[in-house]
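*Asks:* Sharing a structure with you now.
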Amino acid sequence: MEGIDNSASRENPLPGLVNVNLKEKKWGVSASHVVYHFGTSGTSVAAATAITHPLDVLKVRLQMQLVGQRGPLTGMGGLFVQLVKSEGPRSLYLGLTPAFMRSVLYGGLRLGLYEPSKYVCGMAFESSNVLVKIASGAFSGAIATALTNPVEVLKVRLQMNPNSRRGVIGEARKIASEEGIIGLWKGVGPAMARAAALTASQLATYDESKRVKF
0 MEGIDNSASR ENPLPGLVNV NLKEKKWGVS ASHVVYHFGT SGTSVAAATA ITHPLDVLKV
60 RLQMQLVGQR GPLTGMGGLF VQLVKSEGPR SLYLGLTPAF MRSVLYGGLR LGLYEPSKYV
120 CGMAFESSNV LVKIASGAFS GAIATALTNP VEVLKVRLQM NPNSRRGVIG EARKIASEEG
180 IIGLWKGVGP AMARAAALTA SQLATYDESK RVKF
């Protein structure tokens with residue numbers, strides 16, 4: 000019919016439908032989400048560290064027994080009694096400060112980086128299968144270990160030196176002056192490989208198990 004403006008019909012060929020504005024795809028992981036995972040993971044790992052730290056001290060001492068020598072090795076029970084008798088109960092908590100620092104940073108980083116890594120991998124490969132989750136876990140674990148390795152080195156040095164009165168800062172200065180800054184990253188390669196395998200298996204398995212319906 001003449002006199003009727005059909006511009007609206009021409010603009011929208013299906014009048015019964017509302018036009019939808021396509022928005023650009025936004026970042027799928029919010030900053031608050033990352034901070035939440037960082038905080039909860041770091042706190043939980045720190046709590047576990049407080050309980051299990053004596054076992055970590057025993058592990059390090061057992062690994063460093065008779066370095067470069069041969070002879071009978073002391074078992075965990077015997078070493079525990081020996082430490083308490085010769086160095087006192089406090090020796091079981093040597094290096095606790097750097098252990099806490101590492102727990103908060105490592106625990107927070109490996110979980111805080113997992114979701115963003117998984118999102119980026121999913122965008123790159125257009126998939127969210129288990130291989131993407133394994134790769135994301137390996138990346139987040141390796142990066143978290145690379146960044147926190149200096150704290151791990153400080154922890155081990157303090158655990159092996161009960162007579163040290165330098166503290167964390169003093170020990171870090173000593174290592175830097177005598178061995179160079181690179182000394183704080185000793186053993187980072189095997190540590191990154193271990194963390195990559197551990198985090199990939201843990202987080203990928205956990206993530207996949209959430210999809211299983213019983």
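With numbering that gives the first Met the number 0, the residue at position 43 of the sequence shown is 42, and numbering never jumps.
Glycine is no exception: its CB is placed at the ideal position from the N, C-alpha and C atoms.
(1) By how many angstroms is the C-alpha of Ser208 removed from the C-alpha of Ser163?
(2) For Gln64, name the three-state secondary structure that DSSP assigns.
(3) Assuming Thr198 contacts Gly111 (C-beta within less than 8 Å), just tell me the rounded distance between them.
(4) Candidates Ser200, Tyr35 and Thr48: which alpha carbon is nearest Leu130's?
(5) Going by DSSP, what residue range makes up the alpha helix (DSSP H) through Pro189?
(6) What residues in its chain sit with their C-beta under 8 Å from that of Asn20, if we drop five residues either side in the sequence?
(7) Considering only the beta carbon of each residue, do Arg109 and Ala137 sit closer than 7 Å?
(8) By Cβ distance, which residues of its chain are closer than 6 Å to Trp26, with the 5 residues on each side in sequence left out?
(9) Going by alpha carbons, who is nearest to Ala220 out of Gly182, Gly121 and Ser176?
(10) Going by Cα to Cα distance, which pick from Ala145, Leu157 and Val59 is closest to Pro97?
(11) In this structure, how does DSSP classify Ser116 when only helix, strand and coil are distinguished?
(12) According to DSSP, simplified to helix, strand and coil, what is Ser29?
(13) Just to check my reading of the structure: His36 and Glu114 have Cβ atoms closer than 8 Å, yes? What is that Cβ distance to the nearest angstrom?
(14) What separation, rounded to the nearest whole angstrom, lies between the Cα atoms of Ile180 and Val155?
(15) State the DSSP-derived secondary structure class of Asn235, mapped to helix, strand or coil.
*Replies:* Working from what's here:
(1) 46 Å
(2) coil
(3) Not really, about 12 Å apart at Cβ, beyond 8 Å.
(4) Ser200
(5) Val187 to Ser208
(6) Annotation note: pLDDT 39 at Asn20 (below 50); position unreliable, no value reported.
(7) no
(8) For Trp26, the predicted model reports a pLDDT of 49, less than 50, meaning its position is unreliable; a value from the coordinates is still stated below. Short of 6 Å from the beta carbon of Trp26, and not among the five residues preceding or following it, lies no beta carbon of its own chain.
(9) Since the first and last residues shown for the chain are 0 and 213, residue 220 lies out of range.
(10) Pro97 has its Cα closest to that of Leu157, out of Ala145, Leu157 and Val59.
(11) helix
(12) coil
(13) 7 Å
(14) 16 Å
(15) The requested residue 235 does not occur in the structure, where the chain is confined to residues 0 to 213.
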